[in-house]
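J.:
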Amino acid sequence: MQDIYFTAIPEANALLADDAYALLVGLTLYQQVPTEKAFAGPYVLKERLGGTLDASLVAAMDPEELDAVFREKPALHRFPTNMAKRVQSVSQFLVDEYGGDASAIWSDVSTADALQTRLVAIPGFGEYKARLTIGVLAKHYGVKPRGYTKHLPDWPSIVDIKTPEGLVELKARKKAWKASRS
897 MQDIYFTAIP EANALLADDA YALLVGLTLY QQVPTEKAFA GPYVLKERLG
947 GTLDASLVAA MDPEELDAVF REKPALHRFP TNMAKRVQSV SQFLVDEYGG
997 DASAIWSDVS TADALQTRLV AIPGFGEYKA RLTIGVLAKH YGVKPRGYTK
1047 HLPDWPSIVD IKTPEGLVEL KARKKAWKAS RS
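Numbering (this note's numbering), first residue to last: 897 to 1078.
(1) Spatial neighbours of glutamate 900 within its chain, please: C-beta separation below 7 Å, excluding the five flanking residues on both sides.
(2) Inspect the beta-carbon positions of isoleucine 1018 and valine 986 and report whether they are closer than 8 Å.
(3) Just confirm the distance between the C-beta atoms of leucine 1015 and alanine 1026, as a whole number of angstroms; I'd bet it's less than 8 Å.
(4) Counting along the chain, where does the alpha helix (DSSP H) carrying leucine 990 start and finish?
(5) My output table needs one value for threonine 1007: the three-state DSSP class, helix, strand or coil.
(6) Taking just the CA atoms, how far does valine 965 sit from alanine 980?
(7) Which first and last residues belong to the alpha helix (DSSP H) in which lysine 1040 is found?
(8) Out of Thr1007, Thr903, Tyr994, Ala956, point me to the one whose CA is closest to glycine 937's CA.
(9) Might you give, ordered along the chain, the residues of its own chain that have their beta carbon closer than 7 Å to the beta carbon of leucine 1028, omitting 5 neighbours on each side?
(10) Between lysine 1070 and the rest of its own chain, which residues show a CB-CB distance below 7 Å, the 5 nearest in sequence each way excluded?
(11) What residues in its chain sit with their C-beta under 6 Å from that of alanine 998, if we drop five residues either side in the sequence?
(12) Whose C-beta lies closer than 6 Å to the C-beta of tyrosine 926 among residues of the same chain, with five residues either side of it excluded?
(13) Just verifying my parser: in three-state terms, what is the DSSP assignment at serine 1080?
(14) For the alpha helix (DSSP H) that glutamate 878 lies in, which residues bound it at each end?
(15) Out of curiosity, what's the CA-to-CA distance linking isoleucine 905 and glutamate 932?
(16) Could you say which of Ile1001, Ser1076, Leu941 lies nearest to proline 970 if we only look at CA atoms?
(17) Exposed or buried, what is alanine 956 when buried is set at 16 or more other beta-carbons lying within 10 Å of its beta-carbon?
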């Protein structure tokens, strides 16, 4: 497993590297907020839940209580209510389909096409997030099912972050990439 540097918080990065559920929560939160905010979210959520981050716990929470956790200052996301619902929905999906074990999504998959199918079944995950997830799994977790390279992002993405400075470099590459496409 390779280190992850999606935030400036070493403990948050370590959680993402060590906990598949935390990674999926981060990917769920990764929309309409900076990368650092989204991927620090699982660590902050774990702290606010008393040091435990578990799909079964989040799935079983009273939705209003989870919403309050997301809204606590500073809010976990730009849209805390929507993201509390989304994270709870993802958590319930993991409990129902994989016994609460996020890594079960990819642990027994033999092809990237099958993994892509499993990932897009996650609430709120479309092709974009599925491809990001496949890239992160390949580069940071060593999960490389047959045919995975065709599913890797073909745009500058978090998959490319390999060092603590990588996030800054990614922002510059994204800006240049967007400019070249307009």
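Cβ atoms here follow ideal geometry from the backbone N, Cα and C, with glycine treated the same way.
Bear in mind the structure is a predicted one, so any value in this text is a computation, not a measurement.
T.: Straight from the coordinates:
(1) Residue 900 sits at position 4 when you count from the first residue of the sequence shown. A quick correction: the sequence has isoleucine, not glutamate, at residue 900. Cβ neighbours of isoleucine 900 beyond the five flanking positions: Asn909, Leu912, Ala913, His1036.
(2) Residue numbering aside, residue 1018 sits at position 122 when the sequence shown is read from its first letter. Residue numbering aside, residue 986 sits at position 90 when the sequence shown is read from its first letter. Contact: yes.
(3) Walking along the sequence shown from the start, residue 1015 turns up at place 119. Walking along the sequence shown from the start, residue 1026 turns up at place 130. Yes, leucine 1015 and alanine 1026 are in contact; Cβ-Cβ is about 4 Å, under 8 Å.
(4) Within the sequence shown, numbered from 1, the residue matching residue 990 stands at position 94. Where leucine 990 is concerned, the enclosing alpha helix (DSSP H) stretches over 976-994.
(5) Taking the sequence shown and counting its residues from 1, the one referred to as residue 1007 is at position 111. Three-state result, threonine 1007: strand.
(6) Against the sequence shown, residue 980 aligns to sequence position 84. Against the sequence shown, residue 965 aligns to sequence position 69. A straight-line Cα-Cα distance of about 8 Å links alanine 980 and valine 965.
(7) Position 144 of the sequence shown, counted from the start, is the residue given in the question as residue 1040. Per DSSP, lysine 1040 belongs to no alpha helix (DSSP H) and is neither H nor E.
(8) Against the sequence shown, residue 937 aligns to sequence position 41. The option with the nearest alpha carbon to glycine 937 is Thr903.
(9) Mapped onto the sequence shown, residue 1028 falls at position 132. For leucine 1028, where only same-chain residues beyond five positions count, the Cβ hits under 7 Å are Leu923, Pro1049, Ser1053, Ile1054, Val1055.
(10) By one-based count along the sequence shown, residue 1070 stands at place 174. Excluding its 5 nearest sequence neighbours in each direction, lysine 1070 has C-beta neighbours in its own chain below 7 Å: Pro1052, listed in chain order.
(11) The sequence position of residue 998 within the sequence shown is 102, counting from 1. For alanine 998, where only same-chain residues beyond five positions count, the Cβ hits under 6 Å are Ala916, Tyr917, Leu920, Leu990.
(12) The residue you call residue 926 lines up with position 30 of the sequence shown. Taken in chain order, the residues that qualify are Ala934.
(13) With the chain covering only 897 through 1078, there is no way to say anything about residue 1080.
(14) Summary: the structure shown does not reach residue 878, with the chain confined to residues 897 through 1078, and so no result is reported for it.
(15) As a position in the sequence shown, residue 905 is number 9, starting the count at 1. As a position in the sequence shown, residue 932 is number 36, starting the count at 1. Going by the C-alpha atoms only, they are around 9 Å apart.
(16) Taking the sequence shown and counting its residues from 1, the one referred to as residue 970 is at position 74. Of the residues Ile1001, Ser1076, Leu941, the one whose Cα lies closest to the Cα of proline 970 is Leu941.
(17) Your numbering for residue 956 matches position 60 in the sequence shown. Alanine 956 should be labelled exposed.
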